[in-house]
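Contents: one structure, followed by commentary.
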Amino acid sequence: MPLNTAPVIPLDDDAYWDNPYPIIAEHRDRHRTAVTPDGMKAILRWSDAEEIKKRPEFENEGLEYIEKRGFKPGDPLYEWRRYSIGARNGEDHRRLRSLVNRALTPKSVEKVRPVTREHVRALLERHAESGEFDVRKEITAIPFMSVVAFLDIEMDEAANIGKQMAGAGADAFGPNVTQEIRDRANDTFAALMAFVGELVESRRSNPRDDLLTRLIEAEEDGHRLSHDELIVLFTNIFGGAIETTASMMTSTFLEFARHPDQLELLRRDPEGLKRGAVEEVLRYQPAFYASGNKANASAEAAGLHFEAGEPLSIIIGGPNRDPARYSEPDRFDITRDPTVWSFTFSMGPHFCLGQALARAELQETAAVIARHTRDLELTAEPHWLPRVMVNHVDQCPIRYRYEP
Ligand code: HEM
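Whatever position you read off the sequence shown (first residue = 1), add 540 for the working numbering.
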């Protein structure tokens, strides 16, 4: 490598995505930071990632994130993003978060535990005779049904929203956006906003004891939430809940099929160890490859200088496997301290709003795998898809014996 040339995280190389960790580790441990193929600074160490997420000179990327992907003002996806909680910062962001936090009650989170448990068990039982199915193909229905229970919306309403959102958003936020992806995403988001707008109107005339009604009350208050914010916030919660959790549920099956000794441990004490098991899967295979940030003022961090407005990327596999935070970070070990959280739900002002819900769903999934499977194994090797916003494998075919 020539002097003064930063090492590159090869996001444009398909082979990188199947196992990015050795490259990330090499750059993190030797060089501290790296750059992406388009020259953006990439943060790789835990301490640097934590500092950037907590310092006021850094914030989430806003509209530049999709401008870089070729979307323009007036495009439905651009307008959606304008109001999205993940793209807001400062006072506006704090206002939105406190409204959602109030609407996401612990009671509504606990409600999903039995729902998830029953759906995962039923999935395993349904395939008990052959003892085989592809987790990747079948799992998305489960976080979908859990979020329906959580939001207390009708299945047909949810199915319609889900259909609108499927696939389009994830492609549009990925690192490799084509005109065809842009057109599809714009059509989808226009239809989605119209649909949720109608749902809001129907809930306004027939209020219920649910999250959407609580958000409508905030909107009717006039100051707390605008109509566009209300619609987008609802899609943020619904959309944020499904693909991410489906990715992590697949990884739960995947890592336990790959590590039978760890599954055996979990089997001995599913209730006691399910929390540690899930924290380890979250650390080991994060659902997002990166978190998009920018400097809002000129600042020094991670041994680098950032200009005001400069975007930067935190590559989540870096902090999650940083040996300064985790001993033997490449080892999958469910007995690690579950209170030492990884970077998978991010941190700082944008820390995932749905983390308690996702954790509850994943813990029940892990406990059901331990209770109801024996001899769990993969029947073919999954590959990680390159350049997608939410990490997914192409397949996760398993074989097991069902234990009633
Ligand atoms: C295992 C599953 C999940 C993962 C890995 C995940 C990950 C993340 C990450 C990394 C962020 C922050 C990104 C940033 O720094 O800007 C985030 C934000 C968010 N998540 Fe999740 N999430 C998951 C599940 C959920 C669920 C179930 C919900 C809904 C109930 C949800 C709703 C949100 C929302 C609304 C935000 C925006 C918060 C803000 O910008 O203030 N997520 N999530």
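Note that beta-carbon positions come from the ideal geometry of N, C-alpha and C, so glycine has one too.
Excluding sequence positions up to five away, which residues of its chain have a Cβ less than 6 Å from the Cβ of residue i?
i	result
residue 692	750
residue 568	584, 585 and 858
residue 714	927, 928 and 929
residue 837	597 and 848
residue 863	869
residue 667	673
residue 822	882 and 884
Note down, in chain order, each residue of its chain lying with its Cβ closer than 7 Å to the Cβ of residue i, except the 5 sequence neighbours on either side.
i	result
residue 685	655 and 659
residue 758	639, 764 and 765
residue 793	675, 909, 936 and 938
residue 773	625, 636, 640 and 755
residue 906	792, 806, 814, 817 and 818
residue 844	573 and 581
Bridge partners of residue i, per DSSP?
i	result
residue 764	Per DSSP, none; premise fails for residue 764.
residue 564	According to DSSP, which records beta bridges pairwise, residue 564 is partnered with nothing at all.
residue 914	941
residue 854	583 and 831
residue 672	939
residue 846	839
What residue range is occupied by the uninterrupted alpha helix (DSSP H) comprising residue i?
i	result
residue 828	Per DSSP, residue 828 belongs to no alpha helix (DSSP H) and is neither H nor E.
residue 581	Run containing residue 581: none in the alpha helix (DSSP H); it sits in the beta strand (DSSP E), 581–583.
residue 607	604–607
residue 598	Taken as a continuous stretch (DSSP letters only), residue 598 belongs to no alpha helix (DSSP H), being part of the beta strand (DSSP E) at 598–600.
residue 686	681–691
residue 805	800–808
residue 696	695–705
In this structure, does DSSP put residue i in helix, strand or coil?
i	result
residue 640	helix
residue 835	strand
residue 620	helix
residue 552	coil
residue 646	helix
residue 731	helix
residue 627	helix
residue 923	coil
residue 667	coil
residue 883	coil
residue 573	strand
residue 901	helix
residue 928	coil
residue 821	helix
residue 717	coil
Grab the span of the beta strand (DSSP E) containing residue i for me, first residue to last.
i	result
residue 937	937–942
Please go through the same chain and pick out, in chain order, the residues whose beta-carbon is closer than 8 Å to the beta-carbon of residue i, but skip the five residues on each side of it.
i	result
residue 719	610
Listed in chain order, which residues are found with a beta carbon closer than 6 Å to a heavy atom of the ligand HEM?
600, 625, 626, 637, 776, 777, 780, 781, 784, 785, 788, 827, 828, 831, 884, 885, 886, 890, 892, 893, 894, 897 and 898
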